[in-house]
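Reading through the structure tokens given below for one structure.
Protein chains: 2
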Amino acid sequence: MPERNVVIIGGGLVGSLTACYFAKRGWQVDLYEKRPGKQFCLPTWLSIRSINLAISERGFSALRRLDPTLEKRVKALVIPMHGRMIHSLDGTQTSQAYDVFGKAINSVGRSTLIRVLLDEASQYKNVRMHFNHEFQQADFDAGRADSDLIVGADGAYSRVRQRLMAKVMLNYSQTYIEHGYCEFSMPPRNGDFAISPSHLHIWPRQSFMLIALPNQDKSFTVTLFDQLKTGQDAVEFFRANFPDALDLMGADKVASEYMVNPKGSLMYVKCTPYTYKNRAVVIGDAAHAMVPFYGQGMNCGFEDIEELDKIMLSVARDGMSDDQILRALDTYSSKRTKDASAIVDLALDNYVEMRAKVIDYAYLARKHLEGLLHRVFPKHIIPLYTMVSFTSIPYAAVIGRWQRQSLWLHRAVRTAFAAAAFAVGVASARVLGLRAPSLVEVARLFTKRS
Amino acid sequence: MPERNVVIIGGGLVGSLTACYFAKRGWQVDLYEKRPGKQFCLPTWLSIRSINLAISERGFSALRRLDPTLEKRVKALVIPMHGRMIHSLDGTQTSQAYDVFGKAINSVGRSTLIRVLLDEASQYKNVRMHFNHEFQQADFDAGRADSDLIVGADGAYSRVRQRLMAKVMLNYSQTYIEHGYCEFSMPPRNGDFAISPSHLHIWPRQSFMLIALPNQDKSFTVTLFDQLKTGQDAVEFFRANFPDALDLMGADKVASEYMVNPKGSLMYVKCTPYTYKNRAVVIGDAAHAMVPFYGQGMNCGFEDIEELDKIMLSVARDGMSDDQILRALDTYSSKRTKDASAIVDLALDNYVEMRAKVIDYAYLARKHLEGLLHRVFPKHIIPLYTMVSFTSIPYAAVIGRWQRQSLWLHRAVRTAFAAAAFAVGVASARVLGLRAPSLVEVARLFTKRS
Chain V
1 MPERNVVIIG GGLVGSLTAC YFAKRGWQVD LYEKRPGKQF CLPTWLSIRS
51 INLAISERGF SALRRLDPTL EKRVKALVIP MHGRMIHSLD GTQTSQAYDV
101 FGKAINSVGR STLIRVLLDE ASQYKNVRMH FNHEFQQADF DAGRADSDLI
151 VGADGAYSRV RQRLMAKVML NYSQTYIEHG YCEFSMPPRN GDFAISPSHL
201 HIWPRQSFML IALPNQDKSF TVTLFDQLKT GQDAVEFFRA NFPDALDLMG
251 ADKVASEYMV NPKGSLMYVK CTPYTYKNRA VVIGDAAHAM VPFYGQGMNC
301 GFEDIEELDK IMLSVARDGM SDDQILRALD TYSSKRTKDA SAIVDLALDN
351 YVEMRAKVID YAYLARKHLE GLLHRVFPKH IIPLYTMVSF TSIPYAAVIG
401 RWQRQSLWLH RAVRTAFAAA AFAVGVASAR VLGLRAPSLV EVARLFTKRS
Chain A
1 MPERNVVIIG GGLVGSLTAC YFAKRGWQVD LYEKRPGKQF CLPTWLSIRS
51 INLAISERGF SALRRLDPTL EKRVKALVIP MHGRMIHSLD GTQTSQAYDV
101 FGKAINSVGR STLIRVLLDE ASQYKNVRMH FNHEFQQADF DAGRADSDLI
151 VGADGAYSRV RQRLMAKVML NYSQTYIEHG YCEFSMPPRN GDFAISPSHL
201 HIWPRQSFML IALPNQDKSF TVTLFDQLKT GQDAVEFFRA NFPDALDLMG
251 ADKVASEYMV NPKGSLMYVK CTPYTYKNRA VVIGDAAHAM VPFYGQGMNC
301 GFEDIEELDK IMLSVARDGM SDDQILRALD TYSSKRTKDA SAIVDLALDN
351 YVEMRAKVID YAYLARKHLE GLLHRVFPKH IIPLYTMVSF TSIPYAAVIG
401 RWQRQSLWLH RAVRTAFAAA AFAVGVASAR VLGLRAPSLV EVARLFTKRS
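In order, the protein sequences belong to chains V and A. Using the UniProt record's numbering, the letters of the first sequence correspond one by one to residues 1 to 450. Using the UniProt record's numbering, the letters of the second sequence correspond one by one to residues 1 to 450.
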């Protein structure tokens, strides 16, 4: 079996992890990245894009499969966030744990993580890195020895995907949401974190919100999600809506950062298939960009490559024929498009949860009940957030399971109400000396409500 | 006010009509078409794409607004089809009129119509045509004197739209349906049409169908819509499903045409917005490609330019400032995206209607009832097909109106049933000497069913 070569377009988080995986399986890897990346030591572009990252189980699982020590090294660099801290308008802070067993998602700097992964990739002798190289065009069918396979890990505005679109009948959609984002920073206070570092902070204001994630240097990255208007007086806006955050950040800083920092747009992408024959595949944001509200963009991208690796190994252990690659890519595409579509939808839904539902009583009551049940039946009742963030249950299966669970939960709540009503009825009847209601009568009362 | 210049990309049906409209309003027009088009006399590319065209009210309206004699000249070239002719498996033919007042849609050859329109455009001194010119790139912001405005009329795979996507936050989706198509021809028989020329012929077979539209030379263009399999024995397939068509087309011809003729795919496109500042707009298939099952693709494209012209004139009668163009394009985009989205959906739904519902009794009963009511209340009850094909009611309004109409129709049918039941009840009660049911009792019986 001849040596196989793969060209990876995009040296971001997903691209660099993909390089490691292919290298580990013995492929000759060429990684192309359009930005400069001299020596991998803090290239300037690493600070351009942010929205803090939160790495959770799916991300760790992919690192672990590649190399258990890599997972450990990354874990040493993160800040665990065990729950949400809700900031109300009067400054009250309320903690909401992510998981009844104390599991956490983990704040990590994009630049920190990407340096670790590029470093890791450079340890492989069969990885060649090419910075300052922009992907323009590719003849997917050329089949030259230096590119048996092209992997597009070139992000939401992927050019590889654009080429794919010209080659296959690609069902594709891109949708912008009406809100954009702007980043600010909250400096340390007296040498320490200004607010709890073990929480993801949220200032939910129904139609918009502010969030903050901790950084290693004890600062916070603060992000405003809203329909951003140009010329808006940011300080006035913060004073009216996030007065405690304004105090901690400083009016001057808020004003200048709102002026200087770019306003990003938020977009999600779905497409199917992900592949062209045995020649090309898109992965990560190039395949399924999502809004950042579930903290799953990178985790899903990492899981992509773990899934692809599993499928490739199940198809052929040593060396791969063209036909085996074709089968592996087909299998990958038909399974993964469904899972990615599910998390793209969940991420969109979670925006409403973060900015509004977290202060809704019915939501909190259900969350509490689900948490209790999860504690008693940890394998059978699993809250949605836990399934997404702390397990590797396929995203599409998560949605199915959650829908069934909701149905059962509603039934259980109704039964509990009926039982309570029956007990009250019997007791009142005794006290008043009347005929007690029959079980059937009470049951009828409650089944009518459905 | 300086003279305005427009660059139109795409010299197809919509592009050439657009050229006429801008020329009529005094703009300097440059029309670019990638295919050769020497002297407009039967350029070879005109025969490449077909799916026969059916022009109806919206298309005629746009021609009429430009020049009433143009409408007349086109009307002389079409073959009116007053209804569907349904071919059942045993060869029975059943005619279903399109309209109770005898209105018709009109079969016209793509090459015939495009020649008329290119000819028309060439009559304007301020139109320059550039064939063999392919659009590659454009700096929408350049604002050179030779292109105040760029109109992308370059079809479903529009490159202008691709540029637009790089400039604005474009919500975009393209979706392929599972079926493709393949064209055949049915020659004249004894010097005349082999089947009725005043019908659109359909062989509805639930999950697939064959259709035929008449041509001026007394042949028919026959199109198979199905999940086309390669290596399929077309003659066997026709013998099993369309035996009468096979007889009229000839087995040899079917076999060779299935082998030689390309198999097309079917795709629809939605996007919003259609415009970039006051600089660019997409129109026709470039903005809203649709599946061909409502025969509205071209009609909608023609209506696009009529709408744009109306809006431009309402904004400014003589000469236009940049700001006026901006306002006109914004208005056009926000209105037209909704209407186009509606007809894209209707066209998709109509595939099920054509291949399956036309032989469904409930569908036929409703159609009959709607037709009767339309005859009595021609302004108040208008069947869906009539609104789409024989009026200029905006497509989005058509859907709203049709939904309200369906609701009323259901209520009316229920009331009619209730009245009949009441009459039968009273009559039976008399005969049997029992208490007659009250109106309320009968009404209750029927309102429960909803």
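Beta carbons: idealized from backbone N, C-alpha and C, even for Gly.
- Here N106 of chain A has A54, I55, S56, K75, V78, I79, P80 and M81 as same chain residues with Cβ atoms under 8 angstroms from its own Cβ, once five neighbours each way along the sequence are excluded.
- For D330 of chain V and M320 of chain V, the gap between their C-alpha atoms comes out near 14 angstroms.
- Listed in chain order, the positions of the stretch 272–305 of chain A with a beta carbon within less than 9 angstroms of a beta carbon of chain V would be empty, since no residue qualifies.
- With contacts defined by Cβ atoms closer than 7 angstroms, Y395 of chain A and I311 of chain A do not form a contacting pair.
- Measuring C-alpha to C-alpha distances from V352 of chain V to each of V:Y294, V:R327 and V:V413 identifies V:Y294 as the nearest.
- Secondary structure of Q96 of chain A (DSSP, three-state): strand.
- Under the three-state reduction of DSSP output, N5 of chain V falls in the strand class.
- For L13 of chain A, the enclosing alpha helix (DSSP H) stretches over residues L13 to K24.
- Residue environment for F101 of chain A: exposed (fewer than 16 other C-beta atoms within 10 angstroms of its C-beta).
- Beta-bridge partners assigned by DSSP to T272 of chain A: A:N171.
- Q232 of chain A and E257 of chain A have their alpha carbons spaced roughly 13 angstroms apart.
- Contact with chain V is absent for S198 of chain A, since none of that chain's Cβ atoms lies less than 7 angstroms from the residue's Cβ.
- The beta carbon of E178 of chain A is closer than 6 angstroms to those of Q227 in its chain, skipping five residues each way along the sequence.
- The continuous stretches of beta strand (DSSP E) do not include H368 of chain A, which lies in the alpha helix (DSSP H) extending over residues Y361 to V376.
- The DSSP-derived three-state label of Q28 of chain V is strand.
- Interface flag for S333 of chain V against chain A is unset, since no Cβ pair is found closer than 7 angstroms.
- Here F377 of chain A is exposed: its Cβ has fewer than 16 other Cβ atoms, across all protein chains shown, within 10 Å.
- In this structure, the beta-carbon distance from V269 of chain A to A251 of chain A does not fall below 7 angstroms.
- In the DSSP annotation of this structure, the continuous segment of the beta strand (DSSP E) that includes P204 of chain A starts and ends at H199 to P204.
- Distance from the CA of Q96 of chain V to the CA of N350 of chain V, rounded to the nearest whole angstrom, comes to 15 angstroms.
- Not a single CB atom of chain A sits nearer than 7 angstroms to the CB of Y181 of chain V.
- Judged by DSSP in its simplified three-state form, Y176 of chain A adopts strand.
- Using a CB distance cut-off of 7 angstroms, Y172 of chain V counts as an interface residue toward chain A.
- Taking a C-beta distance under 7 angstroms as the contact criterion, K103 of chain V and F140 of chain V do not qualify as a contact pair.
- Taking a cut-off of 8 angstroms for Cβ pairs, the stretch 197–206 of chain A and the stretch 25–35 of chain A do not touch, as fewer than three such pairs fall below it.
- Residue burial is scored here from C-beta neighbours: W203 of chain V has at least 16 other C-beta atoms within 10 angstroms and is therefore classed as buried.
- The CB of Y176 of chain V comes closer than 7 angstroms to the CB of M169 and N171 in chain A, given here in chain order.
- The contact set of S158 of chain V on chain A, defined by CB atoms closer than 8 angstroms, is empty, because the minimum CB distance reaches about 12 angstroms.
- Per DSSP, reduced to three states, the secondary structure at E57 of chain V is helical.
- Counting other Cβ atoms within 10 Å of its Cβ, L439 of chain A stays below 16 and is therefore classed as exposed.
- Inclusion of D154 of chain V and I8 of chain V in the CB contact set at 7 angstroms is not warranted, their separation being larger than that value.
- For S111 of chain V, no Cβ of chain A is located within less than 7 angstroms of the residue's own Cβ.
- Membership of D90 of chain A in any alpha helix (DSSP H) is not indicated, and neither H nor E is assigned to it by DSSP.
- If you check the CB distance, S61 of chain V and S314 of chain V do not come in under 7 angstroms.
- With at least 16 other beta carbons inside 10 angstroms of its own, N299 of chain V counts as buried.
- Taking C-beta separations shorter than 7 angstroms and ignoring five residues to either side along the sequence, the partners of T337 of chain V in its chain run T272, P273 and Y274, following chain order.
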